[in-house]
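Structure record follows, encoded as C-alpha cells.
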Amino acid sequence: MPVDIEARVISNTRLSHDYNVIALAAPEIAEMAAPGQFVMVKLGRGSTPLLRRPFSIFEILRTDGPLAGLSLLSKRIGVTTQMLFDAVEGDVVSCLGPLGRPFSAAAPPTEAWMVAGGVGLAPFASLTEALRARNSSVTLFYGARSARDLFYLDWFRSRGVRMVLATEDGTLGDHGRITMPLERELHAAVTGCLPPSREDPVAGGLQASGPDIMIYACGPEPMLEAVAHLAARYGRPSEVSVERVMGCGLGGCYSCVIPVRNGAKGHHYVRSCLAGPVFAGAEIVWD
Amino acid sequence: MADFSVKIGSLTLANPVIAASGCFGYGVEYADVVDLSLLGGVAVKGLFLAEREGHPPERIVETPAGMLNAIGLQGIGVHRFIREKLPELRERRATVIVNICGSTLDEYVELARVLSEADGVAALELNISCPNIKEGGITFGCSLTGTFDVVNAVRKVTWLPVIPKLTPNVTDVASFARASEDAGADAVSLVNTFLGMAIDVETRRPKLSNIVGGLSGPAIRPIAVRMVYECRRSVKIPVIGMGGIASAGDALEFMIAGAAAVQVGTANFVDPFIWTKLLDGIRDYVHRHGIARVSDLTGTIDTTAREKEWISS
C-alpha cells in the first residue's frame, strides 16, 4: 500500500552539470520498496508544476540501524528535475510510493544482465543489491553519450558487478550504443564464443544452448526495443522498465498506457503505472 | 455535529464530495489508499456498451496550473464493469455514480437499462460532454434538442437519478441546464473540460496525439464557478459543481456559488489522500460558521452591496 511522505532532503549530490542523486528521508517507502518500483514526486505546494513526476527508486539507504530512506537519480530536463537538482539539505519533497510492478530478481544459476542507458541506470542499484543478496552473478551493460555521463561505476564494481561500458563518443568502453557489446556477449554466451556473424541464432538452433540469462533493461524506449529483440533472438527472457508520461501513478488517469500483445486483436493499451513499469520485453508491442 | 448529507434528487449522499469521472478509474484502483465509503460518491470512468481502446499516447500534457487530456474514453465496457468492478465497489460500500457515454441515443438508453438492473448503482451521470471523441457524446451536449432528447429517453427507462454532465464549450451553459431539467433530469453536473491544445514549438507538433484535448485543474476554476452560479439561477434541480477544486476552500466556493455537491478530479492525481483533507476542511468551516446542515450553504452567495467594515488593528 503506497504512502505519501513529506520527505526531508538528506543530501543532494551533483554528479555533473545535469545529473544529481538526491537522498530523501522516506524510510516508510524504502521499507516496502522492491527493485524497479517508483515514487511520484512533487516539490512545492503550488500549481507549477501541478502534477507529480515518476522516478525509479535508485538506492535504498541503509544505516547501521533502521532504514534511512531512499535516493533518486535524476537528470535535469524539465521543471521538476530542475527543482530536484536545485534542492538543498532540509528541503521537503512530497514522495508517494512505492508504486508499480517490480523486477523479478533472478536466482542462481541464472545470470543477471542489466542494460542501462543514461538515466536508465536508476532502478539497477536496488536491483543489484537484491541480486547480490541471492548470490546471482550480475553484469551491468551501461551506455551513455560520453564517459562523463557514466556514474556510480565504483559503486557497482565494489558490489562485484561485472561492468561493460559503451559511449557514443568512444571516450570509455565500446564506441557506440550499449546494444553493440550486449549483442556481442549474447552471441558469445549462446554460441560458445564464436565471433558474431549475420547468422541467425534461431535458424542455427542455438537458442537453447549456453547459460540461463535474465536480461533487465531501462533507458530510452528505442534501446528497450532493441534489447527486447536481442533477448528474443537469443532465446533469453527480458524485463524492461518503461517510462511514459504519467499523471497520477495509481491507475486513475489512463495517460501512461503502453500497447501490449493481446491475442487476435493485436494489441491492447495497459496502464504502465499498474501493469508496469516493468514488463516482459516480449509482452510489449514495439512500434 | 453538523449534518453533512446532501440530496441529489431521490439520492442522499453522505457528504457533498464526489470523486469525478475520468479521474478515479473505476474506484477500485484507489481502494488501497482511500476508504471509498467515506466519499459522498464515486463517479466511475465513462462507460460505453463495448470496450474501447482510447487514443494512442501522448494522452496528457501539463499546462499552466492545469493539464490537457485526450484519453479517448478507454474503457472496459458496461458488461465487464458490472461483472468485474461493481461487486468490489458494493463490498466497499461506495456510492457508485456510473458515467455513461453513447455514440447514439439508443446506446445511452441501453446503458441505462442495463445499469438499472445491476445491483449497487446509485445514479447515472450522462456524459454528453467529452471533448475528445468524434462520435456521440458532445454532439448531444452541444445541442439543446440533443441534450433534451438524451435525457428524456434515458429518463423513460430508469428509476435511477439521472445527472447529465454538461460541457462548458457552449455559449450559454445555463440553457443546457434548463433543457436537462425540462427533460426530467434529477440534477446536472458541470463542468466537463474546456477544449484546448498545446504545441511543441521546436517540432511544431501538437503535444497530444489527438491534437486537441480537455483542460482541467485550477486554471479553469473561476470559469467553472461562474458557470455553476449561472446554472443555479436558471434551474431548480441540484447542480453538482466541479472544475479545479484542490482544497476545502475551493469546494466551499462552488457550494456558495450554488452547487449542492462537488466533484474533484485533477487534484486527486496530485494527492490521492485529498479526500479526508477536503472533508475535514469543510467540517471545520461549517463548525466555525455555526452551520447546522452543509446543504444550507448551497447558493448562499451574498451579492448585496458591501458595507464598510471597521477593522481595528
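Just so you know, the sequences run in chain order A and B.
In terms of our numbering, the first sequence opens at residue 1 and continues consecutively.
In terms of our numbering, the second sequence opens at residue 1001 and continues consecutively.
Glycine included, every Cβ here is placed at the ideal spot set by N, Cα and C.
Computed from a predicted structure; not experimentally measured.
Item	Value
Exposure of residue 1165 (chain B), with buried meaning 16 or more beta-carbon neighbours within 10 Å	buried
Beta-carbon proximity list for residue 1177 (chain B), same chain, < 6 Å, skipping 5 on both sides	1188, 1231, 1234, 1235
Opposing strand residues paired with residue 1189 (chain B) [DSSP bridges]	B:1165, B:1240
Proximity of residue 1043 (chain B) and residue 1086 (chain B) at Cβ, strictly below 8 Å	no
Neighbourhood of residue 110 (chain A) by C-beta distance below 6 Å, restricted to the same chain and skipping five residues each side	212, 214
Alpha helix (DSSP H) segments (min. 4 residues) lying fully within the region 85-152 of chain A	124-133
Proximity below 8 Å, CB of residue 1225 (chain B) to CB of residue 1184 (chain B)	no
Ranges of the beta strand (DSSP E) found wholly within the region 1249-1287 of chain B, counting only runs of at least 3	1259-1264
Close beta carbons around residue 368 (chain A), own chain, < 8 Å, minus the five adjacent residues each side	Here chain A covers residues 1 to 287 and nothing more, so residue 368 (chain A) does not appear.
Near-chain B residues of the region 210-240 of chain A - C-beta to any C-beta below 7 Å	none
DSSP three-state assignment for residue 1300 (chain B), whether helix, strand or coil	coil
Bounding residues of the beta strand (DSSP E) (the contiguous stretch that carries residue 67 (chain A))	67-75
Straight-line Cα distance separating residue 25 (chain A) from residue 156 (chain A)	23 Å
Short Cβ contact (8 Å threshold) for residue 1034 (chain B) with residue 1295 (chain B)	no
DSSP state of residue 1220 (chain B) mapped onto helix, strand, coil	helix
Which of helix, strand or coil DSSP assigns to residue 1095 (chain B)	coil
Near-chain B residues of the region 44-70 of chain A - C-beta to any C-beta below 9 Å	46, 47, 48, 49, 50, 51, 52
Contact set between residue 1048 (chain B) and chain A, taken where Cβ atoms lie within less than 7 Å	Those do not exist, as residue 1048 (chain B) stays about 14 Å from chain A at its closest Cβ, beyond 7 Å.
Chain-ordered chain A contacts of residue 1060 (chain B) [CB-CB under 7 Å]	245, 247, 253, 255
6 Å Cβ shell around residue 79 (chain A) - same chain, five flanking residues per side excluded	49
Min CB distance residue 154 (chain A) to chain B below 8 Å	no
Best match in B:1020, B:1070, B:1258, B:1299 for proximity to residue 1124 (chain B) [C-alpha to C-alpha]	B:1020
Contact between the region 1302-1311 of chain B and the region 1277-1288 of chain B (3+ Cβ pairs under 8 Å)	no
Candidates B:1171, B:1182, B:1169, of which the one nearest residue 1163 (chain B) by Cα	B:1182
Residues sharing a beta bridge with residue 1210 (chain B), DSSP	Partner(s): none; residue 1210 (chain B) has no beta bridge.
Reduced DSSP secondary structure (H/G/I, E/B, other) of residue 1116 (chain B)	helix
Own chain partners of residue 4 (chain A) with C-beta closer than 8 Å, once the 5 adjacent residues on each side are dropped	94, 95, 96
Whole-angstrom distance between residue 1299 (chain B) and residue 1158 (chain B), CA atom to CA atom	29 Å
For residue 1144 (chain B) and residue 1175 (chain B), believed in contact at Cβ under 8 Å, the rounded distance	6 Å
The beta strand (DSSP E) enclosing residue 239 (chain A), as first and last residue numbers	238-241
Rounded straight-line distance, which links the Cα of residue 1116 (chain B) to that of residue 219 (chain A)	48 Å
Option in B:1024, B:1255, B:1291, B:1251 with minimal Cα separation from residue 1270 (chain B)	B:1024
Sub-8 Å separation of residue 122 (chain A) and residue 69 (chain A) beta-carbons	no
Buried/exposed call for residue 236 (chain A), threshold 16 Cβ in 10 Å	buried
Whole-angstrom C-beta distance between residue 1051 (chain B) and residue 1077 (chain B), which should lie under 8 Å	4 Å
For residue 175 (chain A): DSSP bridge partner residues	A:167
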